[in-house]
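Visitor: Taking mature numbering (1 follows the signal peptide of the UniProt record, and there is no 0), I'd label the letters of the sequence shown as residues -17 to -1, 1 to 675. Virtual Cβ for every residue (Gly too), placed ideally from N, Cα, C.
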Amino acid sequence: MKKIFCLLLLSSLSVLAQKTAPPAPYGALPSPQQVQWQQLEYYMFIHFGPNTFTNKEWGHGDEDPKVFNPTHLDARQWARTAKAAGMKAIIITAKHHDGFCLWPSKFSKHTVRESAWKNGQGDVLRELSNACKEYGLKFGVYLSPWDRNHPAYGTPEYNQIFANTLDEVLSSYGDVFEQWFDGANGEGPNGKRQEYDWNLFRGVVYKHQPKAIIFSDIGPGCRWMGNESGIAGETNWSTLNTDGFGMGSAAPSTQVLNTGNENGKYWIPAEVDVSIRPGWFYSPDTDDRVKTLTHLMKIYHSSVGRNGNLLLNVPVSREGLIHPNDSTRLMEFRKTVDESFKTNLAIGKTVTTSAFRGNDNQFAASNLVDGKYDSYWTTDDAVRQASFVVDLGKSTEINRVVLQEYIPLGQRVKSFKIEAWNGKQFETIDQQTTIGYKRILAFPTLKTAKVRVTILEANACPVLSAVGIYKAPELLSNPEIARNKQGLVTITSEVADPVIRYTTDGTEPTLASARYTTPFTYAKGGTIKAKAFIKNGAESSETIPATFDMAPEKWSVVGEESGRNSANRAIDSNPGTIWQTARQEGSKKHPHELVINLGESLTLKGFTYTPRQDGQTGGTIYQYSFYVSENGSDWKPVFENSAFANIKNNPVKQEVPFSAPQKARFIKLVALSSVNENENWASAAEVGVLLR
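(1) So, using beta-carbon positions, are Pro558 and Thr593 closer together than 9 Å?
(2) Run the CB neighbour count on Ser236, radius 10 Å, all protein chains shown included, and call it buried at 16 or more, exposed below.
(3) For Ser523, which of Val366, Glu457, Gly582 has the nearest alpha-carbon?
(4) Please report the straight-line C-alpha distance between Leu108 and Val255, rounded to a whole angstrom.
(5) Would you mind stating whether Val436 and Val540 have Cβ atoms separated by less than 9 Å?
(6) Can you find at least 3 beta carbon pairs, one from the segment 363 to 379 and one from the segment 188 to 195, that sit closer than 8 Å?
(7) Note down, in chain order, each residue of its chain lying with its Cβ closer than 6 Å to the Cβ of Thr487, except the 5 sequence neighbours on either side.
(8) Which runs of the beta strand (DSSP E) fall wholly inside the segment 267 to 299 and span at least 3 residues, in chain order?
(9) Do the segment 452 to 467 and the segment 397 to 416 make contact, defined as three or more Cβ pairs closer than 8 Å?
(10) Determine the closest residue to residue 716 out of Lys631, Asn442, Gly376, Glu463, with distance taken between C-alpha atoms.
(11) Gln16: which of Asn296, Phe160, Gly186, Pro134 sits nearest, CA to CA?
(12) Using only the alpha-carbon positions, how far apart do Cys444 and Pro8 sit?
(13) Going straight from the alpha carbon of Ala432 to that of Pro203, what length do you get?
(14) Three-state secondary structure (DSSP) at Asp256?
(15) Tell me Arg484's beta-bridge partners as DSSP assigns them.
(16) Label Arg675 either buried or exposed according to how many other C-beta atoms from any shown protein chain fall within 10 Å of its C-beta, with 16 as the threshold for buried.
(17) Can you tell me whether Ala68 is buried or exposed, with buried defined as 16 or more other CB within 10 angstroms of its CB?
(18) Which word fits Ala521, buried or exposed, when buried means at least 16 other C-beta atoms lie within 10 angstroms of its C-beta?
(19) State the Cα-Cα distance for the pair Phe516 and Ile527, rounded to the nearest angstrom.
(20) Going by the beta-carbon positions, is the gap between Gly32 and Phe83 smaller than 9 Å?
(21) Can you tell me the Cα-Cα spacing of Asn113 and Gly601, whole angstroms?
(22) Looking only at C-alpha atoms, which of Ile381, Pro391, Thr379 sits nearest to Ser358?
(23) Could you tell me the boundaries of the beta strand (DSSP E) in which Ser155 lies?
(24) Here's a check: name, in chain order, each residue in its chain whose Cβ is nearer than 6 Å to the Cβ of Arg317, leaving out the five neighbours to either side.
(25) With DSSP run on the structure shown, which of helix, strand or coil describes Leu577?
(26) By the three-class DSSP mapping on this structure, what secondary structure does Ser666 have?
(27) Around the Cβ of Leu587, are there at least 16 other Cβ atoms within 10 angstroms (buried) or fewer (exposed)?
(28) Nearest CA to the CA of Ala495: which residue from Ala506, Val482, Lys507, Pro502?
(29) Rounded to the nearest angstrom, how far is the Cβ of Ala253 from that of Ile201, given a contact under 8 Å?
(30) Work out the CA separation of Leu313 and Thr319 for me, nearest whole Å.
(31) Below 8 Å on the Cβ atoms is my contact criterion, and I expect Asn290 with Thr379 to pass it. Report the Cβ-Cβ distance as a whole number of Å.
(32) Report yes if the CB atom of Val434 is closer than 9 Å to the CB atom of Ile452, and no otherwise.
(33) Between which two residues does the alpha helix (DSSP H) carrying Gln599 extend?
(34) Between the beta-carbon of Thr64 and the beta-carbon of Ser323, is there less than 9 Å?
(35) Below 9 Å between beta carbons: does that hold for Asn61 and Val299?
(36) Where do the N-terminal and C-terminal ends of the alpha helix (DSSP H) with Lys66 fall, by residue?
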């Protein structure tokens, strides 16, 4: 009997010895805290302070602290709203650039202690940290080292004062999951700037909160995404090279921050910060400008859906409450996200693969649909291209695919594609680059029985923990039509659900019109109309028209007048950029000239002028003259001392026809006056020509 037992034992040990080893970790790796942070996915930012009451984005530090007086402050309402919105944490601006502290700091005289709120006896951080504990939310703090109020700012003593301030906060309010550092560094009350001691500051954080994630341009816990629009790069590596870089102006370029570095030295994933309103602090002027549901869904797909965490700012009102308009939109957003990803159609389905590691079932493709993050599909080390097919069992409507890499072993995938079975063959739905912790692919609804995912390139054998296939509620948004300087037209929607149809002959788009799938060339100008359809055409958007002049691909500015913004911005086919002449004291006054070389001789029937489209009127041209030339030296006047009638009240694109066609290689627009009295500068979003 003993002999049989020993044989069985040896046999078992032999099987265990032959068990396939998991893949070795690849590249920079996340800490356990960074993995847990990434799994939060979505949480709330709160900007709150004197700026809430002064209607400023950046306070000057000279405001009377008594202006801070939220009459009905209720941090429990903030936490309750965040919890109901599906958020996992709250980060608050404990101290912004104005230096005002939302707690009674011993190291400042510009705090809630000096405010009118609760007769100086209040502590916002205490109330919020307690509320977060009550509602099961993590608590985080933003403290800006820039201080436009503290008299020591700009002196050697200030760094220790700020370190003491950090020490005070991080040791007094319980666990802090994230410390948010802003790299802004401007002048203090004495006109001096501070050279920040970041090593000192980070040391204080780790002393009191060793598990905290530190946010900054360069981490080390997580990084800024390079914009405040909520848009992560379509390529987004969680790794970044930061040696030799610093904070603020010393940070890597915004493009690098947006995409990370492939094979970067450090694991510093992206946090995407964006506000639910146009500004970061509450303003009654923006009560009706809360982002739409479709805009928030676009942000979700381009943040959480592109390997980032979403930090959504919800500013607290002057009463000390989250405004009903914001909370209503948050609940709509939560409902739509939940409905979109409620039912994973892939769970429990049959998954077949071209390869799996050692033919060992512990790495089989079935792990992708078991609902567990810590199990995964992977291949042998030498196999970096592989595919798997999810069989849904029957033809099913789908419009979302979610992929996740098992990031404790590193980020590996460089490119992949997803395909749907059309009954005869697989057709490509989408092809993208990185995956990371989570990648969401959204597309118009289609019916298929099988979905194939192919890893096209990977830096090491791919390791994927999950695949999700969903049918999300279809959302409708108006299409947006844009054209670049080269004449390439793109038509987009805030969400990926609609099928977009368009025409170029002036007719109304229908389901039978051309379907937009890829950018197309439209250089000569004319009118494009587009319309979005969902639910097989049962619902449609407005018809959106866009009229274009000739594409300025060959154009250049001649003898550019020096100014604040390059004159090339007036011919870049982007109405969001502005050419603007210099405004400082002693700068050239009217008239201002903009001379453009069209690159070839053309027969013109008119010209166009688009004033700035940012809601401002500064520099908008009122009186003008317009000239044409064949050689750039001899000028023929077409209009002299003319005016753009009512342009101040109606700042739209001005189309000015000529009385007779004019042949020209050069054009010159001369600004004679602005719509604003005593204003001696000029601006333009775009200048164009109309062809015969």
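Guide: Reading from the atomic positions:
(1) yes
(2) exposed
(3) Glu457
(4) 24 Å
(5) no
(6) no
(7) Ile511
(8) 291 to 296
(9) Segments in contact, no.
(10) No answer is possible for residue 716: the residues shown for the chain start at -17 and end at 675.
(11) Phe160
(12) Straight across, the Cα-Cα distance linking Cys444 with Pro8 is about 10 Å.
(13) Their Cα atoms are separated by approximately 44 Å.
(14) strand
(15) Arg498, Lys514
(16) exposed
(17) Label assigned to Ala68: buried.
(18) exposed
(19) CA-CA distance, Phe516 to Ile527, rounds to 13 Å.
(20) Contact: yes.
(21) One C-alpha to the other measures close to 47 Å.
(22) Pro391
(23) First-last for Ser155: undefined, no H or E at that position.
(24) Cβ within range, chain order: Ala68, Gly69.
(25) strand
(26) strand
(27) buried
(28) Val482
(29) Under the criterion of beta carbons closer than 8 Å, Ala253 and Ile201 do not qualify as touching, at roughly 12 Å.
(30) Roughly 10 Å between the two C-alpha positions.
(31) About 27 Å separates the beta carbons of Asn290 and Thr379, which is beyond the 8 Å limit, so they are not a contact pair.
(32) Contact flag set, yes.
(33) Element bounds for Gln599: n/a, residue is neither H nor E.
(34) no
(35) In the sequence on display, residue 61 carries Trp and not Asn. Yes.
(36) 58 to 67
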